[in-house]
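A.B. asks:
Residue numbers (full-length UniProt numbering): 1 to 211.
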């Protein structure tokens, strides 16, 4: 498996495993033991980059990822996300207040069975919280050693610049596929200019095949 650096410093396998579908988000019901086996099989095949979030389940995905990767935690990179009101029972409401970010990170650390998060994303930009406050909070968490790198998910070039100015970003995650090329013009120039890595999401929704 080939590896690449995100933001120049975070080394990951070129293929990562997204752990949202495991909790049935796209339909289906999967057993914990089977998903843990799948995660470990991916590692055996060379995958070292695993993507999850507190809102996946909620919490279930992080718990399974943490258990599955515990035996070789130091050999993998885990990305997780904050930004929704999960603890307030409002999983679709945006919440990137500094106090919420800290609680979300503490919860993720516990569920992932680790003392640090390799890559922490803001899941969605919160229009009610200045990006500078979000970046400043994550910067503090990085100085405390709880977060090693950070990024944004589905963010505009303007938000990327504001965040990067306070605390340099390692990665931006966004949908990118044959049928969705918008990042090429909307954010790629900014990422290249600032030296930020890009993590593509190629969602495949069977509902799009209906005729």
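Ideal placement from N, C-alpha and C gives every residue a C-beta, glycine not left out.
Since this is a predicted model, take the numbers as computed values, not measurements.
I'd like the list of long-range same chain contacts for residue 59, defined as Cβ closer than 7 Å, with 5 residues on each side in sequence excluded.
C.D. replies: Excluding sequence neighbours, residue 59 sits near 111.
A.B. asks: Taking the CB atoms as reference points, tell me whether residue 50 and residue 17 lie closer together than 8 Å.
C.D. replies: For residue 50 and residue 17, yes; Cβs fall inside 8 Å.
A.B. asks: Using a Cβ-Cβ cutoff of less than 8 Å, which residues in the same chain neighbour residue 159 once the five nearest sequence positions on both sides are dropped?
C.D. replies: These residues qualify, in order along the chain: 125, 131 and 152.
A.B. asks: Scan the segment 92 to 140 and note each continuous alpha helix (DSSP H) run of 4 residues or more that stays entirely inside, going in chain order.
C.D. replies: The qualifying runs are 98 to 112.
A.B. asks: Taking all protein chains shown into account, decide if residue 149 is buried (16 or more other Cβ within 10 angstroms of its Cβ) or exposed.
C.D. replies: Buried, because 16 or more other Cβ atoms sit within 10 Å of the Cβ of residue 149.
A.B. asks: Sort out for me which residues DSSP pairs residue 15 with in a bridge.
C.D. replies: Residue 15 is not bridged to any residue.
A.B. asks: Is it right to say residue 80 is buried, meaning 16 or more other beta carbons lie within 10 angstroms of its own, or is it exposed?
C.D. replies: Burial call: buried.
A.B. asks: Rounded to whole angstroms, what is the Cα-Cα separation between residue 42 and residue 34?
C.D. replies: Computed Cα separation, rounded: 12 Å.
A.B. asks: Spatial neighbours of residue 2 within its chain, please: C-beta separation below 6 Å, excluding the five flanking residues on both sides.
C.D. replies: Correct list, in chain order: 14.
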